[in-house]
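971 is the number that our numbering gives to position 73 of the sequence shown; each next residue is one higher, with no gaps.
Yeah, the Cβ is synthetic: ideal placement off N, Cα and C, and Gly gets one too.
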Amino acid sequence: MKTTRLFFGALFVMLLASCAQPPVPQDHFYRLHVQMSGKALANPPLAGTLEVARLLADGLTAGRPIVYSEAARPLEANEYHYHFWTDSPTVMLRDELVSYLRQAGVAKTVITPEMRLEPDFILTGKIKRLEQVRGTPSKVVIALEIALRDRREDRLLLVKTYRTEGETAGADIAAAVSGINLGLGKIFAAFVADISRI
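Printed below as a string of structure tokens:
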């Protein structure tokens, strides 16, 4: 009888142990924060109100999971399961671009469509790439197509694809996000330089 109890007790403990699962990995969320380098423009090159529309993106790039690729397989894109942007990249990049353009002083006023004002200029764009490239060394690749239109005269002032690629300080996702912030800063600065020559 005692042996039977021990047997069933051991069996019960083994069944409980087999049902135990490892803890579910914790979700991680990341923000974009683009620092403006240099000084604001002395005179706004765009005389009037500039509206920055929500950027477009396709497929994986439009989603909240952070996108990565392997250096050995550059045509294959993947997304992390537990690492997310705090919002859609299309909204986050638009908001960072609005903040950057306001600080740079490119127009009298920089707004978003939600303000429901009649703009003089409209900026639209598309995120072509926004990803970490895992390899040795780890890097990030960003490509944005940006178009600027004068709504008053109904003419295109600028359309250009800006691309940057840079090594990151490490292989982790936090280093990739820092690299993306730096890369976006370079793209935004190049865009402001192009606007100032219009």
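| Interface flag, residue 1036 vs chain D, CB-CB below 7 Å | Absence of chain D from the displayed structure is noted, only one protein chain being present.
| field | Endpoints, beta strand (DSSP E) assigned at residue 1006 | value | Per DSSP, the continuous beta strand (DSSP E) segment holding residue 1006 begins and ends at 1005-1009.
| request: Check residue 1014 in the structure and name its three-state DSSP category. | output: DSSP places residue 1014 in the coil class of the three-state scheme, outside both helix and strand.
| message | Quick check on the burial criterion: 16 or more other C-beta atoms within 10 angstroms. Buried or exposed for residue 1090? | response | Burial state of residue 1090 is buried, judged by a 10 Å Cβ sphere holding 16 or more other Cβ atoms.
| query | Buried or exposed: residue 990, going by 16 or more other Cβ atoms within 10 Å of its Cβ? | reply | Buried.
| field | For residue 1063, the nearest candidate out of 1057, 1095 and 1029 (CA to CA) | value | Of the listed residues, the one whose Cα sits closest to residue 1063 is 1029.
| query | Considering residue 1073, what are the terminal residues of the beta strand (DSSP E) in which it resides? | reply | Premise fails: residue 1073 lies in the alpha helix (DSSP H), 1071-1094, not in any beta strand (DSSP E).
| field | Whole-Å CB distance - residue 1025 paired with residue 987, under 8 Å assumed | value | Contact flag correct, Cβ pair sits at about 6 Å.
| task | Can you have a look at residue 1012 and say buried or exposed, based on whether 16 or more other CB atoms are within 10 angstroms of its CB? | result | The residue is exposed, with fewer than 16 neighbouring Cβ atoms inside 10 Å.
| CA nearest to the CA of residue 939, picked from 922, 1033 and 1005 | Residue 939 has its Cα closest to that of 1005, out of 922, 1033 and 1005.
| query | At which residues does the beta strand (DSSP E) containing residue 1041 begin and terminate? | reply | For residue 1041, the uninterrupted beta strand (DSSP E) segment begins and ends at 1037-1048.
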